[in-house]
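K.L.:
So that we are looking at the same thing, I have put the structure below in structure tokens.
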């Protein structure tokens, strides 16, 4: 119920921001005629897997996909779902360790509500460039790389037309968008910033200790190693009880598809922690 209320609120915000804009030709091709334009807005829990296969997968499988160059020439995977009758564009900015695969149902929801949808995988996540020997470690050189990647995506991949550009961001993605908006407030018509990591949870470690450990580890060359308490994903330990959803069927579907695609992530590196803590101080 909470998920539906949140989505309904976002759609209401989007409608307010969009007004009665006309559709323009962005120069991109829409998904094929097999896209589920006549399907329901929300999928039923009881028939989730069957409905997901019938309604969501055809849209996902007909997406426009590619890579764009981020900071330091990182290859960042992106996908687009062009609604020929779009009243606006929604850019999804995923969270920490998340793959685009997590957002397939939400993409469908937005598409059914009358929007074109665009999203990308952050560096070190999903199908984008990984930087460590252990592919499950989330590593970045600088926090600002995330912010510049986001700006590049909006400015070079998302079409420039008269349709409003709406942002839906979560967790790390929400912090990225919040940071970008401080320097470029007109990058979007409206933005949803959901649970931004503006105060990193350092667990049993006081913030001052966590900061000292992370900075020291980077200084001695351990920046690409897992930070304390982090490690490769253990599928058996990743249950609905530890996931960010109350829907077991949705969790199991995402988990199975993520592992099959070899896009799972383990956890943060020391330098990721260092960079996020620096961002927290800034914002």
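Residue numbers (the working numbering): 153 to 435.
A virtual CB, placed ideally from N, CA and C, is assigned to each residue, including glycine.
1) In whole angstroms, what separates the C-alpha of residue 408 from that of residue 430?
2) So what does residue 227 bridge to, in DSSP terms?
3) Applying the 10 Å Cβ sphere with the 16-neighbour rule, what's the burial state of residue 421?
4) When we look at the beta-carbon of residue 386 and count the other beta-carbons within 10 Å, is it buried (16 or more) or exposed?
5) Using only alpha-carbon positions, find the residue among 231, 370, 266 and 244 that is nearest to residue 193.
6) So, with DSSP's three-state summary, where would you put residue 302?
7) For residue 334, I'd like the list of residues in its chain whose CB is within less than 8 Å of its CB, leaving aside the five on either flank, ordered along the chain.
8) In chain order, which beta strand (DSSP E) runs of at least 3 residues are fully inside the stretch 324 to 376?
9) Can you give the Cα-Cα distance for residue 207 and residue 271, rounded to whole angstroms?
10) Could you check if residue 213 is buried or exposed, using at least 16 other CB atoms within 10 Å of its CB as the buried criterion?
11) Taking the beta carbon of residue 218 as the centre, do at least 16 other beta carbons fall within 10 Å, making it buried, or is it exposed?
12) Could you tell me the alpha carbon to alpha carbon distance between residue 329 and residue 351, rounded to whole angstroms?
13) Using only alpha-carbon positions, find the residue among 339, 359 and 411 that is nearest to residue 242.
14) Measuring only the C-alpha atoms, how far is residue 277 from residue 220?
15) Thinking C-alpha only, which one of 224, 257 and 298 is nearest residue 210?
16) Sorted by chain position, which residues of the same chain lie with C-beta nearer than 6 Å to residue 274's C-beta, five sequence neighbours on each side aside?
17) Pull up the CB-CB distance for residue 229 and residue 279, whole angstroms please, since I reckon it's below 8 Å.
18) With C-beta atoms as the reference, is residue 341 less than 7 Å away from residue 308?
19) Can you tell me whether DSSP reads residue 308 as helix, strand or coil?
20) With DSSP run on the structure shown, which of helix, strand or coil describes residue 267?
21) What residue from 291, 263 and 298 has the CA that sits closest to residue 223's CA?
22) So residue 248 and residue 349 are supposed to be a Cβ contact under 8 Å. How far apart are they, rounded?
23) In the DSSP assignment, find the alpha helix (DSSP H) that holds residue 241 and state where it starts and stops.
24) The alpha helix (DSSP H) with residue 435 in it runs from where to where?
25) Ignore the nearest five residues each way along the sequence and tell me which others in residue 347's own chain have a CB closer than 7 Å to its CB.
26) Beta-carbon separation of residue 288 and residue 384 under 7 Å?
27) Going by beta carbon distance, what residues of the same chain come within less than 7 Å of residue 184, once the five residues before and after it are set aside?
28) For residue 195, does the three-state DSSP call read helix, strand or coil?
P.N.:
Per the coordinate set shown:
1) If you draw a straight line from the Cα of residue 408 to the Cα of residue 430, it is about 35 Å long.
2) 221.
3) buried
4) Exposed, since its Cβ has fewer than 16 Cβ neighbours within 10 Å.
5) 266
6) In this structure, residue 302 counts as helix in the three-state DSSP scheme.
7) If the five residues before and after residue 334 are omitted, its C-beta is found closer than 8 Å to the C-beta atoms of 435, all from its own chain and listed in chain order.
8) Counting only runs that start and end inside the stretch 324 to 376, the beta strand (DSSP E) elements of at least 3 residues fall at 342 to 346.
9) Distance between the alpha carbons of residue 207 and residue 271: 19 Å.
10) exposed
11) exposed
12) 15 Å
13) 339
14) Rounded to the nearest whole angstrom, the CA to CA distance from residue 277 to residue 220 is 14 Å.
15) 257
16) The beta carbon of residue 274 sits closer than 6 Å to none of the beta carbons in its chain outside the five residues before and after it.
17) Residue 229 to residue 279, Cβ: 4 Å. Contact.
18) no
19) Secondary structure at residue 308: helix, using DSSP grouped into helix, strand and coil.
20) In the structure shown, residue 267 sits in coil (DSSP, three-state: anything other than H, G, I, E or B).
21) 298
22) 7 Å
23) Unbroken run through residue 241 is the beta strand (DSSP E), 241 to 245; no alpha helix (DSSP H).
24) First-last for residue 435: undefined, no H or E at that position.
25) 322, 323 and 326
26) yes
27) Residue placement at residue 184 is flagged as unreliable, the pLDDT there being 43, under the threshold of 50; a coordinate-derived value is accordingly withheld.
28) coil
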